[in-house]
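In what follows, a single structure is set out as structure tokens and then discussed.
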Amino acid sequence: MEKEFEKLNEALTFIRSFYKDKPKVGIILGTGLGALVNEVDIELTISYQDIPHFPLSTVESHAGKLIFGKLSGQNVIVMQGRFHYYEGYTMKQIIFPVRVMKMLGIEYLFVSNASGALNPNYGLSELMILEDHINLLPSNPLIGKNIPALGVRFPDMFEPYCNKLIQLADKIIQQNEKLTIKTKFHKGVYVSVSGPNLETRAEYRYLRTIEADAVGMSTVPEVIAAVHMNLPVFAVSVLTDLCQPENVKPITLEEVLQAAAIAEPKMALLFKEMIKKLD
């Protein structure tokens, strides 16, 4: 594991040669949710391909850039494009950027994803704040020798998503009418699967039976890595398709992106208002 830590330090040294500030928040943008970058006062952009040991996004809707700048008066790092297990990456590669951002100094991690709504009370282009998750991915990013400099061998997942940040989000949503016009916010459980295929009707029934409210192909590895490093996490799913077994219909990536585009302004506004109020 010494070699893994060396890789992290090489990436850190490279980025530090361009960026000297201490970032407050790291932000991971999911499928179709990259436009939040337009709200950032950008100071520096680095392509993933230029950073030592960084994976490259292979999904068309992911730009593959690390953005440095200010959002709501705070220093932020934005991952415009994330990595998925179905792309063929190892779990260590998927969480590599999160570890680098923590080593750069971030104090909070904000995560977004596009997911399918399992809960029959959820609608298209609505948003779900993650309260908990179920990991159905075939591996875990912490498997292997632990890196004590990053965290403990057996991190507790009792509170993977920071309750204080969820409470802050609740307060902002209640006070800001712009957030609730023509959309709804929910709180629920996210289940992560490997993909890339979508699920069968029987699988949707199973996921609902185990009390998942939304299903996607990301987020959980990054959150596990963040918890390992004592990094508070806030995450939101944009519900881009409906996965109720009796009414499920085929869906294309284009339709997912369209649904994400409708909800993204509300997600971006919530992120901005929350980041503004961070200590």
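In my numbering, the protein residues as written are 85 to 363. Every residue gets a Cβ at the ideal spot worked out from N, C-alpha and C, and that includes glycine. Treat the numbers as computed from the prediction; the structure is a model and nothing was measured.
Checklist line | Cα-Cα separation between residue 102 and residue 329, rounded to whole angstroms | finding: Roughly 50 Å between the two C-alpha positions.
Margin query: Using only the alpha-carbon positions, how far apart do residue 182 and residue 333 sit?
Written below: 35 Å
Checklist line | CB of residue 275 within 7 Å of CB of residue 193, strictly | finding: no
Item checked: residue 109: first and last residue of the uninterrupted beta strand (DSSP E) it sits in -> 109-113
Item checked: At least 3 beta-carbon pairs within less than 8 Å: the stretch 316-327 vs the stretch 197-205 -> yes
Note to self: Using a Cβ distance threshold of 8 Å, determine whether the stretch 201-216 contacts the stretch 340-358, with at least three qualifying pairs required.
What the structure shows: yes
Check: To which residues of the same chain is residue 296 closer than 6 Å at the C-beta, ignoring the five residues directly before and after it?
Finding: 202, 218, 273 and 275
Item checked: Runs of beta strand (DSSP E) wholly within the stretch 132-213 (minimum 3 residues, chain order) -> 149-155, 158-164 and 192-201
Check: The beta strand (DSSP E) with residue 323 in it runs from where to where?
Finding: 317-326
Margin query: Which of the three DSSP states is assigned to residue 271 in this structure?
Written below: strand
Margin query: Using the three-state DSSP reduction, which class does residue 291 fall into: helix, strand or coil?
Written below: helix
Next item on the list: State the beta-bridge partners of residue 217 as determined by DSSP.
Entry: 274
Checklist line | Burial state of residue 350 (16 or more Cβ within 10 Å) | finding: buried
Item checked: Proximity to residue 302 [Cα-Cα], best of 112, 105 and 107 -> 112
Checklist line | Burial state of residue 306 (16 or more Cβ within 10 Å) | finding: Burial call: buried.
Item checked: Given 8 Å, three or more beta-carbon pairs between the stretch 159-179 and the stretch 115-127 -> yes
Item checked: CA nearest to the CA of residue 331, picked from 311, 309 and 286 -> 286
Note to self: Can you tell me which residues form a DSSP beta bridge with residue 130?
What the structure shows: 150
Note to self: Please state the DSSP three-state secondary structure of residue 125.
What the structure shows: strand
Next item on the list: Please work out which residues of its chain come closer than 6 Å, Cβ to Cβ, to residue 315, disregarding the five sequence neighbours upstream and downstream, and give them in chain order.
Entry: 186 and 193
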